[in-house]
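Written below as structure tokens is the structure these notes are about.
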Amino acid sequence: MRLRKKKNLENRLLECGDILLVYEKYDFYKLTEEEKYNFIDTNAVFGNSNPIYLEIGCGKGGFITEMAKLHPEINFLAVEKISNVLICAMEKAISLGLKNVKFLNCDASNLAYYIKHNIIGKLFLNFSCPWPKQKYANQRLTNPRFLRIYETLLMEGASIQQKTDSAQMFEYSVEQLSQYGFYLYDVSCDLHNSKIENEVMTEYEKYFSGIGKPIYHLRARLKNNLSKIANNSDF
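The opening position of the sequence shown corresponds to residue 790 in the numbering used here, with each subsequent residue numbered one higher.
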């Protein structure tokens, strides 16, 4: 279902300028490859060199704002392609006075143009669109074309955490991550009835678990980074 455009959306986005680091417009695709690179100076925008965690597909921001409240020692970047949705997340962060979360309004396939390489300590993929039709498989956020981007962004020893209500998406992710060279752990087909720590629930997670659907969960690290696992704990 198509979302109705929020009232005064453009002005509201401009008012979030301090926390909106990237506002990607169609003109981006007219740029040359060299012109597309515009790396964020994370030390400058956050005012510190704390670890940086990334959520792709933050929706209305329930998860990322709660994480930012619980972990002021971590800097969070949140990505959402749909500005009509992202505005809710940004206004929520502003209303809570959060200084350790910033937002990118862009396509996930372009993240390597904005985020410096090897600086992300953890990546969250929460209830990403499963794109159930096979012809759209390359749009799934665990498709190899996205995994190559993540490999570029993640620092050594970093992890990916995925939660989804879609068995199809979960099976696809397990297959693609394993084939790409990721080590999978904390794998569960019923997160809420497992012993895996689940610090913050997303809006979708609360809804789906509330109607009795199981939540699928995994964490992954590249196999060539396994030596870092013992020294790099997860939330």
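For every residue, glycine included, the Cβ atom is placed at its ideal position computed from N, Cα and C.
Worksheet item: CA-CA distance, T953 and I853?
Response: Reading the sequence shown from its first residue, position 164 is the one you call residue 953. Reading the sequence shown from its first residue, position 64 is the one you call residue 853. One C-alpha to the other measures close to 16 angstroms.
Worksheet item: Whose C-beta lies closer than 6 angstroms to the C-beta of Q928 among residues of the same chain, with five residues either side of it excluded?
Response: Stepping through the sequence shown from its first residue, residue 928 is reached at position 139. So the qualifying residues of the chain are W920.
Item to complete: Would you list the residues sitting across from E844 in a DSSP beta bridge?
Response: The residue given as residue 844 occupies position 55 in the sequence shown. Answer by DSSP bridge pairing, in chain order: A867 and F913.
Worksheet item: Just the Cα atoms here: how many angstroms apart are A897 and L936?
Response: As a working note, residue 897 is residue 108 in the sequence shown. As a working note, residue 936 is residue 147 in the sequence shown. Computed Cα separation, rounded: 11 angstroms.
Discussion item. Comparing C-alpha positions only, which one of S917, D979, A926 and V811 sits nearest to E992?
Written reply: Taking the first residue of the sequence shown as position 1, residue 992 is located at position 203. Minimum Cα distance to E992 is reached at S917.
Worksheet item: Does E823 get closer than 9 angstroms to chain D when you measure Cβ to Cβ?
Response: Among the protein chains of the structure shown there is no chain D, as only one such chain exists.
Discussion item. According to DSSP, simplified to helix, strand and coil, what is H981?
Written reply: Along the sequence shown, read from residue 1 onward, the residue named residue 981 stands at position 192. In the structure shown, H981 sits in a helix (DSSP, three-state: H, G or I).
Worksheet item: Once you ignore the five residues that flank I985 on each side, which residues in its own chain have a CB closer than 7 angstroms to its CB?
Response: Position 196 of the sequence shown holds residue 985. Only residues of its own chain outside the window of five on either side were considered, and among them D975, S977 and H1006 have a CB closer than 7 angstroms to the CB of I985, listed in chain order.
Fill in: Those runs of the beta strand (DSSP E) which lie wholly inside the region 893-960 and span at least 3 residues
The region 893-960 contains these whole beta strand (DSSP E) runs: 909-915 and 943-953.
Fill in: Neighbourhood of I774 by C-beta distance below 6 angstroms, restricted to the same chain and skipping five residues each side
Absent from the model: residue 774. The displayed extent of the chain is 790 to 1024, so no value can be given.
Practice prompt. Can you have a look at K849 and say buried or exposed, based on whether 16 or more other CB atoms are within 10 angstroms of its CB?
Written response: What you label residue 849 is simply residue 60 of the sequence shown in a count that begins at 1. It counts as buried.
Worksheet item: Under the DSSP definition of a beta bridge, which residues are partnered with A1009?
Response: As a position in the sequence shown, residue 1009 is number 220, starting the count at 1. By DSSP's assignment, A1009 forms a beta bridge with I949 and L973.
Worksheet item: Between V989 and E824, is the Cβ-Cβ spacing less than 9 angstroms?
Response: Here residue 989 is taken as the residue at index 200 of the sequence shown, counted from 1. Here residue 824 is taken as the residue at index 35 of the sequence shown, counted from 1. No, Cβ-Cβ distance for V989 and E824 is not below 9 angstroms.
Worksheet item: Is it buried or exposed for T931, if we count other Cβ within 10 angstroms and need 16 for buried?
Response: Locating residue 931 in the sequence shown gives position 142, counting from the first residue. A residue is called buried when at least 16 other Cβ atoms come within 10 angstroms of its Cβ; T931 meets this threshold and is buried.
Worksheet item: Can the beta-carbon of L820 be found closer than 9 angstroms to that of N873?
Response: Here residue 820 refers to the residue found at position 31 when the sequence shown is read from its first residue. Here residue 873 refers to the residue found at position 84 when the sequence shown is read from its first residue. The answer is no: Cβ separation not under 9 angstroms.
Worksheet item: Is the distance from the Cβ of L893 to the Cβ of E869 below 9 angstroms?
Response: Along the sequence shown, one-based indexing puts residue 893 at 104. Along the sequence shown, one-based indexing puts residue 869 at 80. With respect to the 9 angstroms criterion, L893 and E869 are classified as neighbours on the basis of their beta carbons.
Worksheet entry | Cα-Cα separation between V963 and H860, rounded to whole angstroms | Within the sequence shown, residue 963 is the residue found at index 174, counting from 1. Within the sequence shown, residue 860 is the residue found at index 71, counting from 1. Our two residues, V963 and H860, have alpha carbons roughly 29 angstroms apart in a direct line.
Item to complete: Indicate the three-state DSSP secondary structure (helix, strand or coil) for L809 in the structure shown.
Response: What you label residue 809 is simply residue 20 of the sequence shown in a count that begins at 1. Here DSSP, grouped into helix, strand and coil, assigns L809 to strand.
Fill in: Cβ shell of I949 (< 6 angstroms), same chain only, five flanking positions each side left out
Reading the sequence shown from its first residue, position 160 is the one you call residue 949. Excluding residues within five positions, the ones whose Cβ falls inside 6 angstroms are L912 and A1009.
Discussion item. By the three-class DSSP mapping on this structure, what secondary structure does K858 have?
Written reply: If you number the sequence shown from 1, residue 858 lands on position 69. K858: helix per DSSP, three-state reduction.
Fill in: DSSP-derived helix/strand/coil call for V963
Residue mapping note: residue 963 aligns to position 174 of the sequence shown, counting from 1. Correct three-state label for V963: helix.
Worksheet item: With a Cβ-Cβ cutoff of 9 angstroms, do F828 and Y902 count as a contact?
Response: Counting from one through the sequence shown, the residue named residue 828 turns up at place 39. Counting from one through the sequence shown, the residue named residue 902 turns up at place 113. The Cβ atoms of F828 and Y902 sit closer than 9 angstroms to each other.
Worksheet item: Ends of the alpha helix (DSSP H) at S838?
Response: Taking the sequence shown and counting its residues from 1, one reaches residue 838 at position 49. S838: not part of any alpha helix (DSSP H); DSSP gives it neither H nor E.
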